[in-house]
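Chemist: Those sequence lines, one after another, are chains V and W. If you're matching positions, the first sequence starts at 7 in this note's numbering and goes up one per residue. If you're matching positions, the second sequence starts at 7 in this note's numbering and goes up one per residue. Here it is: the structure, laid out below.
Number of protein chains: 2
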Amino acid sequence: MKAEKTEAIAIWMVEDDALFREGIRTLVERTPGFFCERAFSNCEDALNDLRTDDAPRILLTDLGLPGMSGIEGMRKVKELSPATEVLVLTIYDDDERVFEAICAGASGYLLKNSSGEEIVSALSQLVQGGAPMNAQVARRVLDLFSRMGGPKGHYDLSPREKQVLHLLVQGLSKKQIADKLIVSFYTIDTHLKNIYEKLHEHTRSGVVAKALRERLI
Amino acid sequence: MKAEKTEAIAIWMVEDDALFREGIRTLVERTPGFFCERAFSNCEDALNDLRTDDAPRILLTDLGLPGMSGIEGMRKVKELSPATEVLVLTIYDDDERVFEAICAGASGYLLKNSSGEEIVSALSQLVQGGAPMNAQVARRVLDLFSRMGGPKGHYDLSPREKQVLHLLVQGLSKKQIADKLIVSFYTIDTHLKNIYEKLHEHTRSGVVAKALRERLI
DNA sequence: AGAACAATACCGTGTACACGGTATTTTGTA
DNA sequence: TACAAAATACCGTGTACACGGTATTGTTCT
Numbered sequence: 007m008k009a010e011k012t013e014a015i016a017i018w019m020v021e022d023d024a025l026f027r028e029g030i031r032t033l034v035e036r037t038p039g040f041f042c043e044r045a046f047s048n049c050e051d052a053l054n055d056l057r058t059d060d061a062p063r064i065l066l067t068d069l070g071l072p073g074m075s076g077i078e079g080m081r082k083v084k085e086l087s088p089a090t091e092v093l094v095l096t097i098y099d100d101d102e103r104v105f106e107a108i109c110a111g112a113s114g115y116l117l118k119n120s121s122g123e124e125i126v127s128a129l130s131q132l133v134q135g136g137a138p139m140n141a142q143v144a145r146r147v148l149d150l151f152s153r154m155g156g157p158k159g160h161y162d163l164s165p166r167e168k169q170v171l172h173l174l175v176q177g178l179s180k181k182q183i184a185d186k187l188i189v190s191f192y193t194i195d196t197h198l199k200n201i202y203e204k205l206h207e208h209t210r211s212g213v214v215a216k217a218l219r220e221r222l223i
Numbered sequence: 007m008k009a010e011k012t013e014a015i016a017i018w019m020v021e022d023d024a025l026f027r028e029g030i031r032t033l034v035e036r037t038p039g040f041f042c043e044r045a046f047s048n049c050e051d052a053l054n055d056l057r058t059d060d061a062p063r064i065l066l067t068d069l070g071l072p073g074m075s076g077i078e079g080m081r082k083v084k085e086l087s088p089a090t091e092v093l094v095l096t097i098y099d100d101d102e103r104v105f106e107a108i109c110a111g112a113s114g115y116l117l118k119n120s121s122g123e124e125i126v127s128a129l130s131q132l133v134q135g136g137a138p139m140n141a142q143v144a145r146r147v148l149d150l151f152s153r154m155g156g157p158k159g160h161y162d163l164s165p166r167e168k169q170v171l172h173l174l175v176q177g178l179s180k181k182q183i184a185d186k187l188i189v190s191f192y193t194i195d196t197h198l199k200n201i202y203e204k205l206h207e208h209t210r211s212g213v214v215a216k217a218l219r220e221r222l223i
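This is how it looks when you write it as structure tokens:
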């Protein structure tokens, strides 16, 4: 009574394997609260039918597709309709693909060996603001994260030196930094010399690169 | 018969709330395959007892703790025993804390409102190489990820310009770049002028900063 | 065939930078 | 209170950079 067709959540699907596609469609149609509004075999067709004012709440997509890749497709979908939540359902679980998909805006990532039950539960999690992920994929995501957010080099710069470094990375010249900190040009020159020594760098771009790469700021 | 005490997986716990701590201990002890080897009320005590050759497989820790924070604590634990998998169990779900925890090496992140069932299931997922995460936290992680891996600015640099930019970010001078690409100094000078114009920058550090921040390389 | 772009090359000028010195004052802490 | 570290300040020298020109040679697409 409560979940009528008009209140049910629309799902679009992109999946090139017809058998798999129909399987998922049946599964979704059997799930109260959801309905499979459209199903495509490639991104181009889906994008062609997409309107900003008539976009689905959820897009369920494969990654390996003929023509435009699923990644590229979801990028474009998110551009046209940022509110559409994308659930990736694929066989790939390599770092590269997972990373790309997440950067492209995926809100969930399941593998094709998932059970029907898991897929249905993922849809519910999605609408509740969760991010359903295959456990292995989730681990990959955390690993990637900790690797890129990793070392955070430490060269014990003094507080003032950090402040100068910060302004340096903003692109200010010595003169500009001196003015902003209300000290002499020569003072900044000295600070810079000390920073160069501590970071083992000899040019401002070297310092900027190191500061950004190792998140010193 | 199969899961004897000696084969069961050791869990250490750090949790300052005595009531909660004992609750979890009871829960773990009731779970076949796991046992709560040690339980501490702060990180200092846990670190004091930690030996590289006798570290637990799993560390279950709170974040808000008296003295050393849970984040700092797990950082040190992972330093001494990288194989130990840390499952965070806390009330905090803000971006900052989630980000820090993951960078410090957490393999899972649950909130304290989780049911006993969820916690037990998280332990199993952990040993199977998964990364149990609260759905909201998982969404936060994906959002953070897509934000930081986001725009990937595009200023249509020519192939040669990208190459020069790359070397520039490595910290090479015009002369060095020219030598490496076996062209004249003046050629690189011209390329740089064009890069500056395309990126709307006027200094090499500005270019380096933009290239690194917007991942142009 | 011609336009548009990429890559190459050259020059001069003014400015900013890198780095070698040296030296004083403030501040925290042993 | 004495010492170390941080912050401040000054100078000269040589080099590298930023940027204003101009110009030739290839591709490539129309």
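The beta-carbon is built from N, C-alpha and C at its ideal position, and this holds for glycine as well.
Apply the 10 Å Cβ neighbour rule to Asn-54 (chain W) and answer buried if 16 or more other Cβ atoms are within range, or exposed otherwise.
Modeler: By the 10 Å Cβ count, Asn-54 (chain W) comes out exposed.
Chemist: Compare the beta carbon distance of Gln-131 (chain V) and Ala-141 (chain W) with 8 Å and say whether it is the shorter of the two.
Modeler: Yes; because the gap between Cβ atoms is below 8 Å, this pair is in contact.
Chemist: Please report the distance separating the alpha-carbon of Asp-59 (chain V) from that of Glu-85 (chain V).
Modeler: Their Cα atoms are separated by approximately 13 Å.
Chemist: Hey, could you find the ends of the alpha helix (DSSP H) Val-143 (chain W) is sitting in?
Modeler: Per DSSP, Val-143 (chain W) belongs to the alpha helix (DSSP H) from 141 to 154.
Chemist: Using only the alpha-carbon positions, how far apart do Leu-95 (chain W) and Ile-108 (chain W) sit?
Modeler: Spanning the two alpha carbons is a distance of roughly 13 Å.
Chemist: Which partner residues of Met-19 (chain V) appear in the DSSP bridge assignment?
Modeler: The partner list for Met-19 (chain V) (beta bridge, DSSP) reads V:Ala-45, V:Leu-66.
Chemist: Assuming Ser-130 (chain V) is part of the alpha helix (DSSP H), what are its boundary residues?
Modeler: 122 to 133 is the extent of the alpha helix (DSSP H) around Ser-130 (chain V).
Chemist: Mark Tyr-115 (chain V) as exposed unless 16 or more other C-beta atoms lie within 10 angstroms of its C-beta, in which case mark it buried.
Modeler: Classification of Tyr-115 (chain V): buried, given that the 10 Å Cβ count is 16 or more.
Chemist: Check whether the Cβ atoms of Phe-40 (chain W) and Ala-14 (chain W) lie closer than 8 Å to each other.
Modeler: Yes.
Chemist: Helix, strand or coil for Glu-78 (chain W), going by three-state DSSP, please let me know.
Modeler: Looking at Glu-78 (chain W) - three-state DSSP - the assignment turns out to be helix.
Chemist: Please list, in chain order, all residues of the same chain as Glu-10 (chain W) whose beta carbon is under 6 Å from its beta carbon, the five residues on each side excluded.
Modeler: Here the model assigns Glu-10 (chain W) a pLDDT of 42, short of 50, so the residue's position is not dependable, and the following value carries that caveat. Correct list: empty, nothing qualifies.
Chemist: Going along chain V, which residues have a C-beta under 7 Å from Met-139 (chain W)?
Modeler: Simply Ala-144.
Chemist: Which residues in the same chain have their Cβ closer than 8 Å to the Cβ of Leu-171 (chain W), if we skip the five residues on either side of it in sequence?
Modeler: Around Leu-171 (chain W): Leu-163, Ile-201, Val-213, Ala-217, Leu-222, Ile-223.
Chemist: Find the nearest neighbour of Arg-145 (chain V) within the set W:Arg-210, W:Glu-91, W:Leu-33, judged by alpha-carbon distance.
Modeler: With distances taken between Cα atoms, Arg-145 (chain V) lies closest to W:Glu-91.
Chemist: Over the uninterrupted alpha helix (DSSP H) stretch that includes Glu-220 (chain W), give me the two end residues.
Modeler: From DSSP, Glu-220 (chain W) is part of no alpha helix (DSSP H); its letter is neither H nor E.
Chemist: Is the shortest distance between the beta-carbon of Ile-201 (chain V) and the beta-carbons of chain W less than 8 Å?
Modeler: Closer than 8 Å: no.
Chemist: Does the beta carbon of Gln-134 (chain V) sit closer than 8 Å to a beta carbon anywhere in chain W?
Modeler: With 8 Å as the cut-off, Gln-134 (chain V) counts as an interface residue toward chain W.
Chemist: Sort W:Val-34, W:Arg-63, W:Asp-51 by Cα distance to Gln-134 (chain W) and report the nearest one.
Modeler: If we check each option's Cα against that of Gln-134 (chain W), W:Arg-63 comes out closest.
Chemist: Here's the rule: buried if 16 or more other CB atoms are within 10 angstroms of the residue's CB, otherwise exposed. What is His-206 (chain V)?
Modeler: It is exposed - the Cβ of His-206 (chain V) has fewer than 16 other Cβ atoms within 10 Å.
Chemist: With 16 other CB atoms within 10 Å as the buried threshold, where does His-197 (chain V) fall?
Modeler: Per the 10 Å Cβ criterion, buried.
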